Amino acid sequence: MISIQQLFIRRTCLALLIFLLCLITYCYYDSENNYIPINIILNEYYSIEKHLEKIQNCTSEDHFRQRILLTMFHAWSHFTDIHNIQYWVAYETLVGYIQRRGLLPHELDIDVLMLVQIQKT
Numbered sequence: 051m052i053s054i055q056q057l058f059i060r061r062t063c064l065a066l067l068i069f070l071l072c073l074i075t076y077c078y079y080d081s082e083n084n085y086i087p088i089n090i091i092l093n094e095y096y097s098i099e100k101h102l103e104k105i106q107n108c109t110s111e112d113h114f115r116q117r118i119l120l121t122m123f124h125a126w127s128h129f130t131d132i133h134n135i136q137y138w139v140a141y142e143t144l145v146g147y148i149q150r151r152g153l154l155p156h157e158l159d160i161d162v163l164m165l166v167q168i169q170k171t
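Whatever position you read off the sequence shown (first residue = 1), add 50 for the working numbering.
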């Protein structure tokens, strides 16, 4: 039998997956403009566009991919703040943050880790 907390975790993961798939689909169909609106989550102190200017490029398509990654990470960060979920970046994302205070030029994903606590009822 599935506990309420396990059910909540599964539904939360499913909702996050659906959100990310919708965002990726939107980005794919809006790729003709090479623009993704960064105001999906409003935060007056955070500017993805200003941060993108500091990140080096390997190819001409890097900024578009990096904009998607930063937008998705911003959405993830907002989601975890609302639901009080602790997480941390790891692997290449952590290396990029330490070395360059941002993404590595060749970064294809954002590596996020978190602990899951399951309580028996």
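Glycine is no exception: its CB is placed at the ideal position from the N, C-alpha and C atoms. Nothing here was measured: the structure is a model prediction, and the numbers come from that model.
Problem set entry | Cβ separation of Pro-155 and Ile-118, assumed to be a contact under 8 angstroms, to the nearest whole Å | Working through the sequence shown from its first residue, we reach residue 155 at position 105. Working through the sequence shown from its first residue, we reach residue 118 at position 68. That pair is no contact at about 15 angstroms.
For this session: Kindly indicate the opening and closing residues of the alpha helix (DSSP H) around Gly-146.
Result: Locating residue 146 in the sequence shown gives position 96, counting from the first residue. Gly-146 -> alpha helix (DSSP H) spans 141-150.
Exercise. DSSP state of Leu-163, grouped into three classes?
Worked result: In the sequence shown, counting from the first residue as 1, residue 163 sits at position 113. In the structure shown, Leu-163 sits in a strand (DSSP, three-state: E or B).
For this session: Verify whether the separation of the beta carbon atoms of Ile-59 and Val-139 is less than 9 angstroms.
Result: For the purposes of this step, residue 59 is identified with residue 9 of the sequence shown, where counting begins at 1. For the purposes of this step, residue 139 is identified with residue 89 of the sequence shown, where counting begins at 1. No, the pair does not count as a contact, with Cβ atoms beyond the cut-off.
For this session: Measure how close the beta-carbons of Met-164 and Ile-132 come, nearest whole angstrom, since I'm counting them as under 8 angstroms.
Result: What you label residue 164 is simply residue 114 of the sequence shown in a count that begins at 1. What you label residue 132 is simply residue 82 of the sequence shown in a count that begins at 1. Contact doesn't hold; Cβ gap of about 15 angstroms is too wide.
Problem set entry | Exposed unless 16 or more other CB atoms sit within 10 angstroms - verdict on Ile-91 | By one-based count along the sequence shown, residue 91 stands at place 41. Caution applies to Ile-91, whose pLDDT of 43 falls short of 50 and renders its modelled position unreliable; the model cannot decide the point.
For this session: Let me know if Gln-116 comes out buried or exposed under the rule of 16 or more other beta-carbons within 10 Å of its beta-carbon.
Result: Within the sequence shown, the letter at position 66 stands for residue 116. Looking at its Cβ environment, which holds 16 or more other Cβ atoms inside 10 Å, Gln-116 is buried.
Problem set entry | Bridge-paired residues (DSSP) for Trp-138 | Numbered from 1 along the sequence shown, position 88 holds the residue referred to as residue 138. DSSP, once it has assigned bridges, lists Leu-163 as partnering Trp-138.
For this session: Starting from His-113, follow the alpha helix (DSSP H) in both directions and report where the run begins and ends.
Result: Here residue 113 corresponds to residue number 63 of the sequence shown, with the count starting at 1. Taken as a continuous stretch (DSSP letters only), the alpha helix (DSSP H) holding His-113 covers 112-132.
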